[in-house]
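Numbering (our numbering), first residue to last: 84 to 294.
Idealized CB from N, CA, C, for every residue including glycine.
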Ligand SMILES: [Zn+2]
């Protein structure tokens with residue numbers, strides 16, 4: 084999507100403000116202010132979960148077609164009010180935020196020219212959250228396949244920076260660091276998902292040149 088560089092620069096320029104102990108409120112407020120000039124359709128929020136440990140976080144998102152807003156959700160522990168972002172966590176933080184913004188931007192593009200149908204908001208947890216049937220339905224959606232293909236293309240370049248990305252793609256069955264592909268593999272284990280896989284890998288192939 085050509086957005087990585089811009090997003091990463093924005094975060095790196097503001098690293099000081101986001102490092103160390105930052106309260107959940109300050110984290111979303113600061114991220115909102117950092118991105119307010121570059122994307123007016125982007126909002127950050129922290130959402131507390133009891134099953135997350137203190138200092139653990141996961142980045143999820145959602146796109147609200149009715150307001151044309153993308154939400155980047157920091158799923159954080161209900162047992163704390165602040166997050167500790169240490170130096171060694173920074174590059175993962177930047178990658179996760181950048182990947183989620185782009186995933187939601189793809190949904191925004193998909194819905195931009197479609198009539199609005201109120202079918203509720205769909206959360207992107209990007210981790211196993213629902214029942215296996217819910218996860219299978221979620222990952223079979225063509226919009227999700229396209230957005231996850233972008234996630235996988237980003238992961239190929241991020242986790243295998245010194246390898247030819249097309250070679251990584253052709254040997255994807257043996258690659259262990261690609262979380263989004265593993266999510267698909269795990270979710271569809273034991274059933275025939277060849278049509279979904281074909282579309283997913285074809286779309287990933289197309290995205291590789293553009294991430
Ligand atoms: Zn999605």
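Requested in this report: Could you check which residue in 239, 260, 267 and 258 has the C-alpha nearest to that of residue 293?
Outcome: In terms of Cα proximity to residue 293, the closest of 239, 260, 267 and 258 is 239.
Query raised in the report: Is residue 85 helix, strand or coil by DSSP?
Result: Three-state result, residue 85: coil.
**Report entry** residue 233 classed as buried or exposed, judged by whether at least 16 other C-beta atoms fall within 10 angstroms
**Finding:** The residue is buried, with at least 16 neighbouring Cβ atoms inside 10 Å.
Query - Whole-number beta carbon distance between residue 207 and residue 186, since they are thought to touch under 8 Å - result: That belief holds up - the Cβ atoms of residue 186 and residue 207 are roughly 6 Å apart, short of 8 Å.
Report task. Go ahead and pull the three-state DSSP assignment for residue 271. Result -> Three-state DSSP puts residue 271 in coil, outside helix and strand.
Requested in this report: Look up residue 294 in the DSSP assignment and say whether it is helix, strand or coil.
Outcome: Note: residue 294 maps to coil in three-state DSSP.
Query raised in the report: Using a Cβ-Cβ distance under 8 Å, would residue 179 count as near chain B?
Result: The question asks about chain B, but that chain is absent: this structure has only one protein chain.
Query raised in the report: To the nearest angstrom, how far is it from the Cα of residue 154 to the Cα of residue 213?
Result: Computed Cα separation, rounded: 20 Å.
Query raised in the report: So, are the CB atoms of residue 128 and residue 111 less than 8 Å apart?
Result: A distance below 8 Å separates the beta carbons of residue 128 and residue 111.
Query raised in the report: Just curious, the beta strand (DSSP E) that residue 136 is in, first and last residue?
Result: No beta strand (DSSP E) holds residue 136; DSSP gives it neither H nor E.
Requested in this report: Going by CA-CA distance only, name the one from 134, 105 and 141 that's closest to residue 164.
Outcome: Residue 164 has its Cα closest to that of 105, out of 134, 105 and 141.
Query raised in the report: The beta strand (DSSP E) spanning residue 153 covers which residue range?
Result: For residue 153, the enclosing beta strand (DSSP E) begins and ends at 152-160.
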